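Peer 1: Shown below is the structure under consideration.
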Amino acid sequence: MFNVVGLVFDGCQASGVTSPFDVFNVINTLWKQQLGEEASLYNCKLVSKTGAAIRCSNGMRLLTDNALTDDIKADLIIIPGVHHSNSKTLLDSLQRLQEECNWLKQKINDGCVIASNCSGVFILAETGALKDKEATTAWWLGGLFKKLYPDINHCADQLLVKSGLLYSTGSMTANLGVMLKIAEQQVGRQLTQSAAKTMLIDAAQSYASPYLFVQEHADHQDSLILAVESQLQRDISQRLTLNSLAQTHSVSVRTLSRRFKKANGVNLNNYLQSLRFVNTKLLLETTNLSIEQIAERIGYSSQSSLRRLFHKQLGISPKQYRQRVKQHAED
199 MFNVVGLVFD
209 GCQASGVTSP
219 FDVFNVINTL
229 WKQQLGEEAS
239 LYNCKLVSKT
249 GAAIRCSNGM
259 RLLTDNALTD
269 DIKADLIIIP
279 GVHHSNSKTL
289 LDSLQRLQEE
299 CNWLKQKIND
309 GCVIASNCSG
319 VFILAETGAL
329 KDKEATTAWW
339 LGGLFKKLYP
349 DINHCADQLL
359 VKSGLLYSTG
369 SMTANLGVML
379 KIAEQQVGRQ
389 LTQSAAKTML
399 IDAAQSYASP
409 YLFVQEHADH
419 QDSLILAVES
429 QLQRDISQRL
439 TLNSLAQTHS
449 VSVRTLSRRF
459 KKANGVNLNN
469 YLQSLRFVNT
479 KLLLETTNLS
489 IEQIAERIGY
499 SSQSSLRRLF
509 HKQLGISPKQ
519 YRQRVKQHAE
529 D
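Counting in my numbering, the sequence shown runs without a single skipped number right up to 529 at its last residue.
Printed below as a string of structure tokens:
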């Protein structure tokens, strides 16, 4: 029996534990069907500080099985993300979770495998277990992560990082990939691949892409720039310019340019190029769209523009990138 424990708390992101539990439930089913086993291999349960029910950030109420005690049997502990609106609310949450961090320290010392996702990686970092090790987190949290934990090697170019028995991931899909990787050690790759196909988990995203590059998100509260960023993401397929954006938001080009640079640390054109680049890679990784179709969706003026800018960033063509991601997923 492999004991999987989800550490939950008020304000946690429900999917950070419920989705991994679904993965192990599917594997249990396949374990019985394909191999003729009678008993489940994975035992999943939830724990909270006091053992009381908790309220997730989406309003879902989760009943827990145990309070945090030293005698809880755990082979794998899953740490979900912490819902937050800015760096202050995240830091406040981390302060409230110190008892959970102390419990995690003990379990890490006991040799337990830890899987953390998104802002949940900050909880793992608070234990001190990642000192002088590698880790990743959600792309928009990279700047804050490096600031808070300078003694951790932040791997911004990876979605999934394994440092000994400690896993950190920067996306939900990569988090599910960790569950498959861990399960593969018990049931083999064939069965975990069956589980991935059953749940439509994209292998190229489950197993970390080593080429991820994103423009790190700056933590700011400028309502004008937040509105502009929202439009850039929503209307990325359009031919957006500094002039058109300034007109839409009723400010001068100079004001928009100055405030955008102050809020994000980069100028608007560079931000937009990074946003397009991120979305291009995502479509290359997760779809079979042609380069022409991707260029149209992302707002490039032509296929050649997309290829030129892509090669400038990575030194390879979009086609080569897609091939390497697929090859990495098969390794």
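No residue lacks a Cβ here, since even glycine has one placed at the ideal position from N, Cα and C. Model, not experiment: these values are computed from the prediction.
For residue 207, does the three-state DSSP call read helix, strand or coil?
Peer 2: Here residue 207 refers to the residue found at position 9 of the sequence shown. If DSSP states are grouped into helix, strand and coil, residue 207 belongs with coil.
Peer 1: DSSP three-state label for residue 352, please.
Peer 2: In the sequence shown, counting from the first residue as 1, residue 352 sits at position 154. Three-state DSSP puts residue 352 in a strand.
Peer 1: Considering residue 267, what are the terminal residues of the alpha helix (DSSP H) in which it resides?
Peer 2: Counting from 1 along the sequence shown, the entry for residue 267 is found at position 69. From DSSP, residue 267 is part of no alpha helix (DSSP H); its letter is neither H nor E.
Peer 1: Ordered along the chain, which non-local residues of its own chain (more than five positions away) have a Cβ less than 8 Å from that of residue 323?
Peer 2: For the purposes of this step, residue 323 is taken as residue 125 along the sequence shown, with counting starting at 1. Within the same chain, residue 323 has close Cβ partners 333, 343, 346, 347 and 350.
Peer 1: If the criterion is Cβ atoms closer than 8 Å, does the pair residue 475 and residue 466 meet it?
Peer 2: Position 277 of the sequence shown, counting from 1, holds the residue named residue 475. Position 268 of the sequence shown, counting from 1, holds the residue named residue 466. No, they are not a contact pair.
Peer 1: If we call anything under 8 Å between Cβ atoms a contact, is residue 372 one with residue 423?
Peer 2: Here residue 372 is taken as the residue at index 174 of the sequence shown, counted from 1. Here residue 423 is taken as the residue at index 225 of the sequence shown, counted from 1. Not a contact, by the Cβ cut-off of 8 Å.
Peer 1: Thinking C-beta only, is residue 255 closer than 8 Å to residue 206?
Peer 2: One-based indexing of the sequence shown puts residue 206 at position 8. One-based indexing of the sequence shown puts residue 255 at position 57. It is not a contact, given that the beta carbons lie outside the stated cut-off.
Peer 1: Jot down the residue ranges of each uninterrupted alpha helix (DSSP H) in the region 441-492, minimum 4 residues, whole runs only, in chain order.
Peer 2: Fully enclosed alpha helix (DSSP H) runs of 4 or longer: 451-462 and 466-484.
Peer 1: Going by DSSP in three states, residue 514 sits in which element: helix, strand or coil?
Peer 2: Here residue 514 corresponds to residue number 316 of the sequence shown, with the count starting at 1. DSSP places residue 514 in coil when its eight states are reduced to three.
Peer 1: The alpha helix (DSSP H) that contains residue 396, what's its start and end?
Peer 2: On the sequence shown, position 198 is the one that residue 396 refers to. Run containing residue 396: 387-396, per the alpha helix (DSSP H) assignment.
Peer 1: Would you say residue 320 and residue 280 are within 8 Å of each other, going by their C-beta atoms?
Peer 2: By 1-based counting over the sequence shown, the position of residue 320 is 122. By 1-based counting over the sequence shown, the position of residue 280 is 82. Yes; because the gap between Cβ atoms is below 8 Å, this pair is in contact.
Peer 1: Span of the beta strand (DSSP E) holding residue 315?
Peer 2: In the sequence shown, the residue the question calls residue 315 occupies position 117. Start and end: 311-315.
Peer 1: Could you check where the alpha helix (DSSP H) with residue 299 kicks off and where it finishes?
Peer 2: Here residue 299 refers to the residue found at position 101 when the sequence shown is read from its first residue. It spans 296-307 - the alpha helix (DSSP H) in which residue 299 sits, taken as one unbroken run.
Peer 1: Rounded to a whole number of angstroms, what is the C-alpha to C-alpha distance between residue 469 and residue 336?
Peer 2: Here residue 469 refers to the residue found at position 271 of the sequence shown. Here residue 336 refers to the residue found at position 138 of the sequence shown. Near 17 Å, if we compare the C-alpha coordinates of residue 336 and residue 469.
Peer 1: In whole angstroms, what separates the C-alpha of residue 432 from that of residue 425?
Peer 2: Within the sequence shown, residue 432 is the residue found at index 234, counting from 1. Within the sequence shown, residue 425 is the residue found at index 227, counting from 1. Their Cα atoms are separated by approximately 10 Å.
Peer 1: Please name the residue, chosen from 235, 236, 208 and 293, that lies closest to residue 251 on a Cα-to-Cα basis.
Peer 2: Taking the sequence shown and counting its residues from 1, one reaches residue 251 at position 53. The option with the nearest alpha carbon to residue 251 is 208.
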